[in-house]
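Quick notes on the structure that follows.
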Amino acid sequence: MKKWIALALACAMALSLMACGGDKPTESKAPEQSKAPEQSAPAESTPAEGEGEKKPEDYTGSLTIYSPHDSDPLNAGVAMFEDAYPNVKVEVVADGTGNLLNRIKAEAEAPMADVLWGGGADSLAAYKEYFQPYKPSCIDLLDSSLYDPEYLWIGESPLPMVFLVNTDLVAEADIPQTWKDLADPKWAGKIAFADPASSGSAFTQLCTILMDYGKAEDDYAEGWELVKSMIGNLVIQSGSSGAHKNVDSGECPIGITLEKAAVQYDTSDAGHLKIVYPTDGTSAVPDGVAIVKDCPNQELAELFVEFVLSAECQTAQNKDFGRRPIRSDVTPEGLMGLDEFEIMTYNFDYAAANKADIVEKWQDTLVG
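Mapping of the sequence shown onto this note's numbering: residues 143 to 510, in sequence order.
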């Protein structure tokens, strides 16, 4: 009997121990299993944090540039960009600033261009509704007067306006020194000048004359009188390059042109050309660069703007083509300082807001 009692007690104790041992996994292991997904999250985000910037070869696709620049600096700039980004193909459409701006306007519903590179900033400002803002990384190196406050266009090279004179055809004593000198009847049919209706630089030159001699209060009436007195002396060119090329060839003894074009010629004492900075004042409105609104290739467009404004491109364009850098950390070579000649006050807002009216009045004046 005692043996059966002892056996019963042993079985009861064993069952009790088994019940206690079975409770432990439920209390300790379940919480550990629920934490496992949380512990793996940091490992999943690590690769994204370490990706870094794109390499030049990572950029691919095509980019369409509209540009009024002369062929040499334009082709050189595009070649530099394609060398830097070997998997990007650039298509260029070259024409006068006015024609390109009108084309961008006409294509607004289905843009074909990505970037407009070049053209006076006053002309770009008149069409800024067709551009989209972009703030470049070097903005702190640019004078705030040389870009749109909303970043719809950015200046890329200040452009003083000058006279180019063929000294084989004009005696030293007769070389014009002021805008008013160009109205002398002896220069009838002898001054090459691009058409402001199609050339952005010629539009700036026209506005420079108006603003140098007139006042905004009466829409520069006195300046228009000077323009009227010059009309018979002007030989109108279809594009801005015609002005300096015709002076070099001797077709015209005098041309109104851009400093960047004039300095490409031999203007030393041994040459036959001379640059004149008008003593009554000239303008230095910058060429601009802008991204077309809703362009097909925005990432590449932004990349191109950064490239155009880079120290590398600015230095090369100055060294090889006499273009003034816009950046404060790039010193221009081979050019007079902007403080070495008279720069007049250019009414930028007026030129932009009244471009269509100014061009229409110019055309009316031209036909008499």
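Virtual Cβ for every residue (Gly too), placed ideally from N, Cα, C.
Strand pairing of residue i, partner residues [DSSP]
i, result
"residue 259", "431"
"residue 236", "209"
"residue 204", "231"
"residue 287", "Partner(s): none; residue 287 has no beta bridge."
"residue 415", "308"
"residue 487", "Per DSSP, none; premise fails for residue 487."
"residue 274", "433"
"residue 424", "485"
Residue burial classification, residue i (beta-carbon count within 10 angstroms, cutoff 16)
i, result
"residue 334", "buried"
"residue 291", "exposed"
"residue 308", "buried"
"residue 175", "Unreliable positioning characterises residue 175 in this predicted model, as indicated by a pLDDT of 38, which lies under 50. The coordinate reading is nonetheless provided below. Residue 175 should be labelled exposed."
"residue 239", "buried"
"residue 302", "buried"
"residue 421", "exposed"
"residue 182", "For residue 182, the predicted model reports a pLDDT of 34, less than 50, meaning its position is unreliable; a value from the coordinates is still stated below. Counting Cβ neighbours within 10 Å, residue 182 comes out exposed, since fewer than 16 surround it."
"residue 509", "exposed"
"residue 497", "buried"
"residue 172", "Confidence in residue 172 is poor, its pLDDT being 36 and thus under 50, which makes the residue's placement too unreliable to answer from."
"residue 229", "exposed"
Residue from the options with nearest C-alpha to residue i
i, options, result
"residue 445", "277, 212, 343 and 387", "277"
"residue 203", "441, 384 and 252", "441"
"residue 402", "427, 322, 503 and 395", "427"
"residue 389", "373, 264, 358 and 409", "409"
"residue 198", "469, 472, 473 and 448", "448"
"residue 359", "249, 254 and 492", "492"
"residue 331", "213, 293 and 375", "375"
"residue 501", "232, 265 and 414", "265"
"residue 472", "462, 489, 454 and 481", "454"
"residue 325", "434, 398, 274 and 226", "398"
"residue 381", "258, 213, 424 and 459", "213"
"residue 425", "414, 400, 295 and 407", "400"
"residue 200", "226, 217 and 211", "226"
"residue 340", "286, 210 and 391", "210"
Range covered by the beta strand (DSSP E) that runs through residue i
i, result
"residue 216", "Here residue 216 belongs to no beta strand (DSSP E); instead the alpha helix (DSSP H) covers 213-226."
"residue 399", "396-400"
"residue 439", "That residue, residue 439, is in no beta strand (DSSP E); it is neither H nor E in DSSP."
"residue 379", "376-379"
"residue 297", "296-300"
"residue 306", "303-308"
"residue 335", "333-336"
Contact belief for residue i with residue j at Cβ below 8 Å, rounded distance in angstroms
i, j, result
"residue 386", "residue 306", "5 Å"
"residue 271", "residue 430", "Not really, about 15 Å apart at Cβ, beyond 8 Å."
"residue 235", "residue 208", "5 Å"
"residue 261", "residue 242", "7 Å"
"residue 394", "residue 253", "Not really, about 38 Å apart at Cβ, beyond 8 Å."
"residue 507", "residue 370", "6 Å"
"residue 295", "residue 273", "6 Å"
"residue 304", "residue 404", "5 Å"
Extent of the continuous alpha helix (DSSP H) to which residue i belongs
i, result
"residue 347", "342-355"
"residue 492", "490-495"
"residue 368", "363-372"
"residue 454", "453-463"
"residue 385", "383-391"
Test: residue i CB closer than 8 Å to a CB of chain C
i, result
"residue 343", "Protein chains in the displayed structure number just one, and chain C is not present."
Near the ligand COA: residue i beta-carbon under 7 Å from a heavy atom
i, result
"residue 489", "Although the ligand COA was asked about, the structure shown includes no ligands whatsoever."
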